[in-house]
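**Q** Attaching a single structure in structure tokens format; questions to follow.
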Amino acid sequence: MHAHIGDLRSPRDLHRKPVTVENLITRLNEEGIDLAVVLPWPPCPEAVEFPGLFSEYPDIVSQVRAAIRRPDRLIPFGNADPRWGGNSASTDFSWLLERFVEMGCVGMGEVSANIYFDDPRAVNFFRQCGEWDLPVTIESTGPGEGHYGFIDDIGSPHLERLLIKVPDTIIIGHGPGFWADIGDGITIEEKSGYPQGPIRKEGAIPRLLREYPNLYADISAQSGYNALTRDREFGINFLNEFQDRLLFGTDVCFGDEEGRTRHLKYLKKLLEEGEITKKAFEKITYRNALKIMKRYHA
Ligand SMILES: [Zn+2]
Numbered sequence: 613m614h615a616h617i618g619d620l621r622s623p624r625d626l627h628r629k630p631v632t633v634e635n636l637i638t639r640l641n642e643e644g645i646d647l648a649v650v651l652p653w654p655p656c657p658e659a660v661e662f663p664g665l666f667s668e669y670p671d672i673v674s675q676v677r678a679a680i681r682r683p684d685r686l687i688p689f690g691n692a693d694p695r696w697g698g699n700s701a702s703t704d705f706s707w708l709l710e711r712f713v714e715m716g717c718v719g720m721g722e723v724s725a726n727i728y729f730d731d732p733r734a735v736n737f738f739r740q741c742g743e744w745d746l747p748v749t750i751e752s753t754g755p756g757e758g759h760y761g762f763i764d765d766i767g768s769p770h771l772e773r774l775l776i777k778v779p780d781t782i783i784i785g786h787g788p789g790f791w792a793d794i795g796d797g798i799t800i801e802e803k804s805g806y807p808q809g810p811i812r813k814e815g816a817i818p819r820l821l822r823e824y825p826n827l828y829a830d831i832s833a834q835s836g837y838n839a840l841t842r843d844r845e846f847g848i849n850f851l852n853e854f855q856d857r858l859l860f861g862t863d864v865c866f867g868d869e870e871g872r873t874r875h876l877k878y879l880k881k882l883l884e885e886g887e888i889t890k891k892a893f894e895k896i897t898y899r900n901a902l903k904i905m906k907r908y909h910a
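So this is what it looks like as structure tokens:
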């Protein structure tokens, strides 16, 4: 549910290798992954230090076009910034969403505008995505300068208000600001990072998953991996309780070996050890994804 193509390097990691359609498919083959959702990037100025202007696929539409050429392996999402269309809370996004749907996009993301989740511009945008049957993957962070993603406070009150305001939109949680709240008692710095150690009391995310059927969670990236593994027993219980709501993804941003992630290996290990059932494994790795991507037809 979470792959990228293009040049996502910041000036600090110019030694890394950009992701191409070719090296992405090679990696999928090596890891035994049949299909990957391509989340085009970047939708907003805060998502990157510098936009990937010199990339082989420099913008959202060129990444969608590259992905639709490989329908056997890649599933495209569209992307947008809720502030587009004049930075208004009543922008009509249907023109844009219709274009994406015509191109074959089956969702939107990762949407990462650096505004509060329940900002009226965000609510307007998420509501319309739901009307077009497009689930939305979000990037999230705590407050403060230099971060990107939707902003929230400890306990995810802004995300909760958004979930209430757009009950017909499927929202796929992702990113440090989301996963930090798996456990209670984090600091404001940890809200934008990777809190460590055992979880003594659950945080907002398990409760939100229980209370709001329109919330799903993408386990990709260091944020998802850390949340599931910082307290092994808690993580296993979480995977089991929310096996109908979790979505496997990697969020690999570079084409080299060092960028690879451990998520699939970890899920396979838990399956082997009998900590999760085959049924749960299949739901998390693909069945839930197929269920929520209503516009996707293999
Ligand atoms: Zn990503």
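For the sequence shown, the working numbering begins at 613 and goes up steadily by one. Ideal Cβ placement from N, Cα and C applies to all residues, glycine included. The model shown is predicted, which means the values in this text are computed figures rather than measured ones.
Check each candidate in 736, 651, 641 and name the one with the smallest Cα separation from residue 684.
**A** Numbered from its first residue, the sequence shown carries residue 684 at position 72. Measuring from the Cα of residue 684, the nearest candidate turns out to be 641.
**Q** For residue 752, name the three-state secondary structure that DSSP assigns.
**A** If you number the sequence shown from 1, residue 752 lands on position 140. Reduced to three states, the DSSP call for residue 752 is strand.
**Q** Can you list every residue whose CB sits closer than 6 Å to some heavy atom of ligand 1, going in chain order?
**A** For ligand 1, the selected residues are 614, 616, 651, 722, 863.
**Q** What number of angstroms, rounded off, separates the C-alpha of residue 860 from the C-alpha of residue 703?
**A** Residue numbering aside, residue 860 sits at position 248 when the sequence shown is read from its first letter. Residue numbering aside, residue 703 sits at position 91 when the sequence shown is read from its first letter. Their Cα atoms are separated by approximately 32 Å.
**Q** For residue 779, which residues in the same chain have their Cβ closer than 6 Å to its Cβ, ignoring the five residues on either side in sequence?
**A** Residue 779 sits at position 167 when you count from the first residue of the sequence shown. Excluding positions up to five away in sequence, the list reads 826.
**Q** In terms of DSSP beta bridges, what is residue 723 paired with?
**A** By one-based count along the sequence shown, residue 723 stands at place 111. Residue 723 is bridged to 750.
**Q** Can you tell me the Cα-Cα spacing of residue 742 and residue 782, whole angstroms?
**A** Taking the sequence shown and counting its residues from 1, one reaches residue 742 at position 130. Taking the sequence shown and counting its residues from 1, one reaches residue 782 at position 170. Approximately 7 Å, taken between the alpha carbons.
**Q** So, helix, strand or coil for residue 735, using DSSP?
**A** Counting from 1 along the sequence shown, the entry for residue 735 is found at position 123. In this structure, residue 735 counts as helix in the three-state DSSP scheme.
**Q** Give the range of the alpha helix (DSSP H) segment to which residue 878 is assigned.
**A** Taking the sequence shown and counting its residues from 1, the one referred to as residue 878 is at position 266. Run containing residue 878: 875 to 884, per the alpha helix (DSSP H) assignment.
**Q** When the Cα atoms are used, what is the spatial distance from residue 735 to residue 777?
**A** If you number the sequence shown from 1, residue 735 lands on position 123. If you number the sequence shown from 1, residue 777 lands on position 165. Those two C-alpha atoms are separated by around 7 Å.
**Q** Identify every residue that forms a DSSP beta bridge with residue 763.
**A** For the purposes of this step, residue 763 is taken as the residue at position 151 of the sequence shown. Residue pairing from DSSP places residue 763 in a beta bridge opposite 728, 753.
**Q** Give the straight-line distance between the Cα atoms of residue 646 and residue 799, rounded to the nearest whole angstrom.
**A** Here residue 646 corresponds to residue number 34 of the sequence shown, with the count starting at 1. Here residue 799 corresponds to residue number 187 of the sequence shown, with the count starting at 1. Cα to Cα, the separation comes out at about 39 Å.
**Q** Classify residue 665: buried if its beta carbon has 16 or more other beta carbons within 10 angstroms, exposed otherwise.
**A** Residue mapping note: residue 665 aligns to position 53 of the sequence shown, counting from 1. Looking at its Cβ environment, which holds fewer than 16 other Cβ atoms inside 10 Å, residue 665 is exposed.
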